[in-house]
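Participant: Note that the UniProt record's numbering gives residue 267 to position 267 of the sequence shown, counting from 1, and the numbers run on in steps of one.
Every residue gets a Cβ at the ideal spot worked out from N, C-alpha and C, and that includes glycine.
Because the structure is a prediction, the values reported are computed rather than measured.
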Amino acid sequence: MNHKNDTPVTVIGLGLMGQALAGAFLKAGHPTTVWNRTTSKADRLVAEGARLAPTVGDALKAGSLTIICVTDYQAMHELLGASDIELDGTTLINLTSGDSGQAREAAQWAERRGAHYLDGAIMAIPPAIGTAEAVILHSGPQPDFEAHKSTLDALGTVTYLGADHGLASLYDVAGLAMMWSVLNAWLQGTALLRTAGVDAATYAPFAQQIAAGVAEWLPGYAEQIDNGSFPAEVSALETDARAMAHLIEESEAVGVNAELPKLIKAMADRSIAAGHGGEQYPVLIEEFGKPRRD
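Quick look at the structure:
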């Protein structure tokens with residue numbers, strides 16, 4: 001990674017993630033100022049060369065780039081909303097977890113105060129920060145991102161998603177949906193196989209193969225979704241629904257929870273009832289794209 005090591009940065013919020021962010025900047029050679037409500041959390045960083053700012057306002061003035069990573073957006077507004085806090089001309093990157101609406105609202109609030117604002121999401125655990133495995137998503141004005149990318153590279157693999165400030169939050173939750181769905185599907189299969197004495201470690205490599213194979217389908221299925229056309233090139237939804245029924249029956253027969261496959265089949269049944277039984281699986285995007293009507 002190639003950094004401009006002399007760019008001063010500020011990190012506000014020193015939970016485990018904030019400490020990891022500040023530590024990565026220090027390691028890359030950036031003069032790093034930190035601030036936290038509980039000052040003792042800065043002790044290790046100060047020992048490593050960070051400067052502890054006496055106030056939030058002082059911390060903001062110290063760096064050409066300020067990263068904030070606190071509990072939630074309300075905490076950010078409380079810290080930076082005071083009348084004596086000067087945001088005009090600062091660049092603020094908010095890596096606090098929240099939703100896309102909060103991100104867009106915070107962007108308008110920061111820009112009204114004269115700040116350049118990017119919203120971000122950290123797709124990594126604190127020990128991974130500073131390595132290529134740490135993926136950090138950013139959204140907001142591209143010139144603001146490009147101006148600071150060489151500094152942000154100290155944190156890991158930094159990715160720009162687009163001008164909409166809400167995109168980082170949306171990618172974050174979309175990634176979580178993917179993660180939990182894969183894990184839940186694996187747990188369902190593991191529960192089934194355990195009834196026949198097969199342990200999780202034995203099933204895991206087979207499950208990995210299936211997950212990797214399905215992942216290969218995504219770009220082609222994405223084309224169908226984006227084109228709004230779902231020809232059954234591989235399998236029709238009504239055929240898949242029969243297999244779903246088999247999964248439910250097998251689960252119930254061996255005494256395994258069938259809630260997940262029943263939910264999947266209920267969505268497929270609604271799509272078939274709407275006339276999509278002869279189309280391919282991605283036609284279910286229409287069920288995912290609307291709220292449930294009870």
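Leaving out five residues on either side along the sequence, give the residues of the same chain with a beta carbon under 7 Å from the beta carbon of M244.
Facilitator: Within the same chain, M244 has close Cβ partners P261, I264, K265, A268.
Participant: Quick check on the DSSP output: what are the complete alpha helix (DSSP H) runs of length 4 or more inside the stretch 91–131, in order along the chain?
Facilitator: 100–112, all fully within the stretch 91–131.
Participant: Where do the N-terminal and C-terminal ends of the alpha helix (DSSP H) with H148 fall, by residue?
Facilitator: Run containing H148: 142–152, per the alpha helix (DSSP H) assignment.
Participant: Under a Cβ-count criterion, where at least 16 other Cβ atoms within 10 Å of its own Cβ denotes burial, should I12 be classed as buried or exposed?
Facilitator: With 16 or more other Cβ atoms within 10 Å, it is buried.
Participant: Helix or strand or just coil, what does DSSP make of T10?
Facilitator: Of the three classes helix, strand and coil, the one that applies to T10 here is strand, per DSSP.
Participant: Under 6 Å Cβ to Cβ from A154, same chain only, skipping five residues before and after it: list those, please.
Facilitator: Excluding residues within five positions, the ones whose Cβ falls inside 6 Å are H3, A24, F25, A28.
Participant: Per DSSP, which one or two residues make a beta bridge with Y160?
Facilitator: According to DSSP, which records beta bridges pairwise, Y160 is partnered with H138.
Participant: Name the residue from A47, G89, W35, V46 whose alpha carbon lies nearest to the alpha carbon of C69.
Facilitator: Selected option, being the one with the closest Cα: W35.
Participant: Quick check on DSSP: helix, strand or coil for V234?
Facilitator: Reduced to three states, the DSSP call for V234 is coil.
Participant: Measuring straight from C-alpha to C-alpha, what distance separates V283 and H276?
Facilitator: Roughly 7 Å between the two C-alpha positions.
Participant: What would DSSP say about M1, mapped onto helix, strand or coil?
Facilitator: Because the pLDDT at M1 is just 44, under 50, the model does not fix this residue reliably, and the value given afterwards should be weighed accordingly. The answer is coil: DSSP assigns M1 none of H, G, I, E or B.
Participant: Would you check if the distance between the CB atom of G49 and the CB atom of I85 is smaller than 8 Å?
Facilitator: Their beta carbons are not under 8 Å apart, which means G49 does not touch I85 by this criterion.
Participant: Three or more C-beta pairs closer than 8 Å, one from the stretch 127–138 and one from the stretch 100–112: is that the case here?
Facilitator: Segments in contact, no.
Participant: Would you kindly work out how many angstroms separate the C-alpha atoms of V256 and A191, rounded to a whole number?
Facilitator: Rounded to the nearest angstrom, the two C-alpha atoms are 7 Å apart.
Participant: Return helix, strand or coil for L87, following the three-state DSSP convention.
Facilitator: Three-state DSSP puts L87 in coil, outside helix and strand.
Participant: Have a look at V254 and T195 and give me their C-alpha separation to the nearest angstrom.
Facilitator: Looking at the two C-alpha atoms, the distance is approximately 7 Å.
Participant: Determine the direct distance from the alpha carbon of Q209 to that of A236, and round the result to whole angstroms.
Facilitator: The straight-line gap from Cα to Cα measures roughly 23 Å.
Participant: Taking Q102 as the reference, give the member of L87, A121, D88, T90 with the closest Cα.
Facilitator: If we check each option's Cα against that of Q102, A121 comes out closest.
Participant: Decide if N94 is buried, meaning its Cβ has at least 16 other Cβ atoms within 10 Å, or exposed.
Facilitator: Result: buried.
Participant: Give me the residue from A82, A177, G197, L65 with the minimum Cα distance to residue 298.
Facilitator: Absent from the structure is residue 298, since the part of the chain shown begins at 1 and ends at 294.
Participant: Report, in whole angstroms, the separation of the C-beta atoms of H138 and L170, which I expect to be a contact under 8 Å.
Facilitator: The Cβ separation is near 13 Å, so there is no contact.
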